[in-house]
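Numbering follows my numbering, in which position 171 of the sequence shown is assigned residue number 165; successive positions increment by one, without gaps.
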Amino acid sequence: MNRSEQSKVWYKEPWPWFLMAGPAIVVVAAIFTYYLAQTNSADLVSDDYYEDGKHINIELHRDEEAAKRDIDAQVLINPDKNAAKVFVSGDFNRDESLNLVFMHPAKQSYDQTVKLIADSEMPNSGDKTEYRAVFKTLPPTQHWYVRVEDTDGKWRVEDKWVVNQGNAVNLKAKQQWAAASKSDNK
């Protein structure tokens, strides 16, 4: 028998290895994709739609109450994104506690709620009351949802803060509630 006619062992041939490389790459890519999905999961989907639906009317009532009281706030965040000054005006009890809430658009674990501390060094200027807040440094993202609310859950003002447009955000009562409350008063 000739040497050229003699068959080689399969693992010494290049073609089986070439054909197995494709499925092996797909398996490795699938494991890597699974790892990425687990470590970077977003909290955008609610687990309990029924409970969320029950709370919608309660939340809308808080916006309506802020519009009736003509409450608005200005939040000035420091460049390090770990402290803020908050100016609140409108008809609210200055002795009750207020919260400043930062909500990340995709990761609930980044959300922060901090109690506002009335700034006793600064006297109230007109109808504005000055507060300060210190919190954990905000992780980088394109935007945040910022809210100022009373701790009793009666009212809230909120808006979206686009980070690259500056470190100030004005929070006002939702416009649809402001229009509705004005027409009710007539």
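Cβ atoms here follow ideal geometry from the backbone N, Cα and C, with glycine treated the same way. What you are looking at is a predicted structure, and each value in this text was computed from that prediction instead of being measured.
Roughly how far, in whole angstroms, is the beta-carbon of residue i from the beta-carbon of residue j, given that I think they are within contact range, below 8 Å?
{"i": "residue 56", "j": "residue 149", "result": "5 Å"}
{"i": "residue 92", "j": "residue 144", "result": "6 Å"}
{"i": "residue 86", "j": "residue 63", "result": "6 Å"}
{"i": "residue 161", "j": "residue 25", "result": "Actually they are not in contact, since the Cβ atoms of residue 161 and residue 25 sit about 41 Å apart, beyond 8 Å."}
Just to confirm, is the Cβ distance from residue i to residue j under 8 Å?
{"i": "residue 140", "j": "residue 96", "result": "yes"}
{"i": "residue 129", "j": "residue 108", "result": "yes"}
Ordered along the chain, which non-local residues of its own chain (more than five positions away) have a Cβ less than 7 Å from that of residue i?
{"i": "residue 168", "result": "57 and 61"}
{"i": "residue 113", "result": "124, 125 and 126"}
Excluding five sequence neighbours on each side, which residues of the same chain lie with their C-beta closer than 8 Å to the C-beta of residue i?
{"i": "residue 180", "result": "With a pLDDT of 49 at residue 180, under the threshold of 50, the predicted position of this residue should be treated as unreliable, though the coordinate-derived value follows. So the list is empty, once near-sequence residues are dropped."}
{"i": "residue 165", "result": "66, 67, 68, 69, 140, 141, 142, 151, 152 and 153"}
{"i": "residue 99", "result": "135, 136, 137, 138 and 139"}
{"i": "residue 106", "result": "95, 96, 129, 130 and 132"}
{"i": "residue 21", "result": "none"}
{"i": "residue 158", "result": "136"}
Work out the CA separation of residue j and residue i for me, nearest whole Å.
{"i": "residue 103", "j": "residue 34", "result": "11 Å"}
{"i": "residue 29", "j": "residue 59", "result": "45 Å"}
{"i": "residue 11", "j": "residue 23", "result": "18 Å"}
{"i": "residue 146", "j": "residue 110", "result": "14 Å"}
{"i": "residue 27", "j": "residue 90", "result": "49 Å"}
{"i": "residue 122", "j": "residue 77", "result": "19 Å"}
{"i": "residue 5", "j": "residue 32", "result": "37 Å"}
{"i": "residue 101", "j": "residue 7", "result": "50 Å"}
Does the ligand NAP have a heavy atom nearer than 7 Å to the CB of residue i?
{"i": "residue 81", "result": "The model on display carries no ligand, and the ligand NAP is accordingly not part of it."}
Please list the segments of the beta strand (DSSP E) lying wholly inside the stretch 116 to 175, counting only runs of 3 or more residues, in order along the chain.
122 to 128, 137 to 144, 150 to 156 and 162 to 166
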